[in-house]
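Novice:
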Ligand SMILES: NC(=O)c1ccc[n+]([C@@H]2O[C@H](COP(=O)([O-])OP(=O)(O)OC[C@H]3O[C@@H](n4cnc5c(N)ncnc54)[C@H](OP(=O)(O)O)[C@@H]3O)[C@@H](O)[C@H]2O)c1
């Protein structure tokens, strides 16, 4: 098994696979990250997907998890493009599981969204993901390799909470103005990735979320309460434009409630943390 982009999620997928006796290699870009993989007992390949190709044979007949993010700018995932072109040399995988994002649906005005909803990416961050999905579909059609796409909501877990933001006391919009957002605990995402690789239907898309959407302000408030930090100061929508970062404003401009029915019914995932009530304590007590 090969994990392309072996960071926060990838290292956890690798650990689970190793427990089951599966040999795992991870692709990272930096030497620091390669050293971290070595500490964890994961074989590493240090390759910048934007500029280099994977070694000959490294992907042949493999189960490939693709977790590397697109580049930070533009409408295209040039790393994915290079990776797929390089498969002629590195070998055709048996299956690729790609972690996309729910941003490809665009703003859905708070409606419930399942996988039949047409993609409508509205910002470049989401257009890059949509581009990657299209490239992968092209690869599947041309090569006969198998493809499963997960559209993943906001990932939270131990070491992955907005504590730095809270410590800076940065403002948020009032709850009444906050859009619907969706989350998944990293442990449930890891389980979803492994199930998607094992039993996801070739060519299918699955939303990966806990199925209990909330609003972003409530999320920040709850994390603050758990961490013993002050809740963020609230601003109204008029003030938000002047006080929040462009990145945060782009998240606040989209509202969706995501269904995870397909994940539960077709992949058979039983979520350990279906709501923040279960998931947030687990981020603090190490369970
Ligand atoms: N955060 C969220 O809420 C969220 C939601 C939905 C989807 N996602 C996506 O889920 C995926 C996994 O997330 P994560 O938290 O595990 O990410 P992460 O911890 O940032 O790990 C990303 C990994 O990709 C590698 N990488 C990045 N660019 C690369 C390149 N050009 N060439 C080779 N390797 C490269 C990194 O290597 P280096 O460490 O060496 O740079 C790192 O190992 C990402 O694509 C992320 O965007 C995240």
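Numbering (this note's numbering), first residue to last: 56 to 342. We put the CB at the ideal spot given by N, CA and C, even for glycine. Please read all numbers here as calculations on a predicted model, not as lab measurements.
(1) How do the stretch 263-271 and the stretch 191-199 stand: do at least 3 beta-carbon pairs fall below 8 Å, yes or no?
(2) Would you say residue 58 and residue 122 are within 9 Å of each other, going by their C-beta atoms?
(3) Hey, which unbroken runs of the beta strand (DSSP E) at 3 residues or more fall wholly within the stretch 179-216?
(4) Taking all protein chains shown into account, do 16 or more other C-beta atoms lie within 10 angstroms of the C-beta of residue 254, making it buried, or fewer, making it exposed?
(5) Between 130, 97, 209, 88, which has its C-alpha nearest residue 73's C-alpha?
(6) Per DSSP, what are the beta-bridge partners of residue 277 in this structure?
(7) Would you mind sorting residue 64 into buried or exposed? The rule is 16 or more other CB atoms within 10 Å of its CB.
(8) Just tell me which of 182, 199, 282, 157 has its CA closest to the CA of residue 218.
(9) In chain order, what are the residues with a CB under 6 Å from some non-hydrogen atom of ligand 1?
(10) If you check the beta carbons only, do residue 23 and residue 157 fall under 9 Å apart?
(11) Using the rule of at least 16 other Cβ atoms within 10 Å of the residue's Cβ for burial, across every protein chain shown, is residue 301 buried or exposed?
(12) What residue does the beta strand (DSSP E) around residue 81 start on, and which one ends it?
(13) Determine the closest residue to residue 204 out of 318, 70, 323, with distance taken between C-alpha atoms.
(14) When you compare only the Cα positions, how much space is there between residue 296 and residue 288?
(15) Kindly indicate the opening and closing residues of the beta strand (DSSP E) around residue 156.
(16) Could you check whether residue 84 and residue 125 sit closer than 9 Å to each other, using their CB atoms as the reference points?
(17) What is the residue span of the alpha helix (DSSP H) that residue 339 lies within?
(18) Does any residue of chain D have a CB that is nearer than 9 Å to the CB of residue 133?
(19) With a CB to CB cut of under 6 Å and the five nearest residues on each side skipped, what residues in its chain are close to residue 257?
(20) Once the 5 residues before and after residue 279 are set aside, which same chain residues still bring their CB inside 6 Å of it?
(21) Straight-line CA distance for residue 113 to residue 339?
(22) Would you kindly check if the distance between the Cβ of residue 169 and the Cβ of residue 212 is under 9 Å?
(23) Using the C-alpha atoms, what's the distance from residue 246 back to residue 66?
(24) DSSP on residue 257, reduced to helix/strand/coil?
Specialist: Taking the definition as stated:
(1) no
(2) yes
(3) 201-207, 209-211
(4) exposed
(5) 97
(6) According to DSSP, which records beta bridges pairwise, residue 277 is partnered with nothing at all.
(7) buried
(8) 282
(9) 60, 61, 62, 63, 64, 65, 82, 83, 84, 85, 88, 102, 103, 104, 105, 122, 123, 124, 134, 154, 156, 207, 209, 210
(10) Past the edges of the chain, shown from 56 to 342, lies residue 23, and the structure says nothing about it.
(11) exposed
(12) 80-83
(13) 318
(14) 15 Å
(15) 150-156
(16) no
(17) 331-340
(18) In summary, chain D is missing from the structure at hand, where a single protein chain is found.
(19) 201
(20) 221, 286
(21) 38 Å
(22) no
(23) 13 Å
(24) coil
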